[in-house]
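In the UniProt record's numbering, the protein residues as written are 1 to 290. What follows is a set of notes on a single structure, which appears directly below.
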């Protein structure tokens, strides 16, 4: 983990909250004080909460699971999309479609539709269509790409969600809570932190602050993925080694079976020759010879 410093948070403006008249009392424990009518966030608590969130995200990625990045407000769209793409995670930066999590089966059908349209328009599958039909299909593709393009790789529900401004993303937050999906969120002084497992108190309007914290989430995902791939490679090598050992064991068993068969054959021949000697020394045989 590349630790974020207090200086970096200060330079990014992460300590600036909202006006004192626009606050949520449940954020009181994360507030250091106020200055000129603006709440100042306690960055010591921000650093501690960021470390906790980092460890959690790393653990999720280490299990090979996905983390969904969500930030539809204007200030968060670019940094969230960039950081999610960097670690190959799904993201939503346009309007959140209701049911994106709670009705994922239907959303997945729309994703499959988007993939089919992309394949059709890219591979010349639309040659038999008229220009008007092609334009209509391309318009549909553009619309689906705008809202679902970031989650095309999400073939199942994520195991965690990273949200910028839960007040803005309340629908996404409620859906995650209904499904029991843990939430990591950048929470400003005007937000309600209730029901958020990993609260990162910070300015959620400053692009630099959003990018700085999102980059930490990306780094946590990357570290977790390295751990996952390393463990999977070791497991695969172990299975291959076990397979080699099984072949060696079968070969030894085969050799032992052959030795047992040879031993059994020798014992049978010995018993047969022994019977012949006994028969030659029997009284009937002796009488016949006399």
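By construction, the Cβ of each residue, glycine as well, lies at the ideal position given by its N, Cα and C atoms. Keep in mind it's a predicted model, so treat the numbers as computed, not measured.
Between residue 67 and residue 80, the CB-CB gap reaches or exceeds 8 Å. Around residue 104, the same chain offers 157 as residues with beta carbons nearer than 7 Å, after the five sequence neighbours per side are excluded.
Scanning its chain for C-beta atoms nearer than 7 Å, with the 5 sequence neighbours on each side dropped, one finds around residue 190 the residues 18, 22, 23, 24, 167, in chain order. A residue is called buried when at least 16 other Cβ atoms come within 10 angstroms of its Cβ; residue 188 meets this threshold and is buried. Sorting 121, 12, 97 by C-alpha distance to the C-alpha of residue 173 places 97 at the top. Taking 8 Å as the cut-off, the Cβ atoms of residue 138 and residue 121 count as close. By the neighbour-count criterion, in which a residue is buried when 16 or more other Cβ atoms sit within 10 angstroms of its Cβ, residue 220 is buried. Per DSSP, reduced to three states, the secondary structure at residue 15 is coil, with no helix or strand assignment. In the displayed model, residue 193 falls within coil according to three-state DSSP, outside both helix and strand. Listed in chain order, the non-local C-beta contacts of residue 197 below 8 Å within the same chain comprise 56, 182, 183, 184, local neighbours out to five positions each way being set aside.
Secondary structure of residue 185 (DSSP, three-state): strand. As a beta-bridge residue in DSSP terms, residue 69 pairs with 91, 162. When secondary structure is reduced to three states using DSSP, residue 34 falls in the strand class. Proximity to residue 204 across 136, 77, 148 peaks at 77, based on C-alpha coordinates. Take the alpha-carbon of residue 40 and the one of residue 15: they are about 5 Å apart.
In the three-state DSSP reduction, residue 199 falls in the strand class (E or B). The Cβ-Cβ distance between residue 71 and residue 164 falls below 8 Å.
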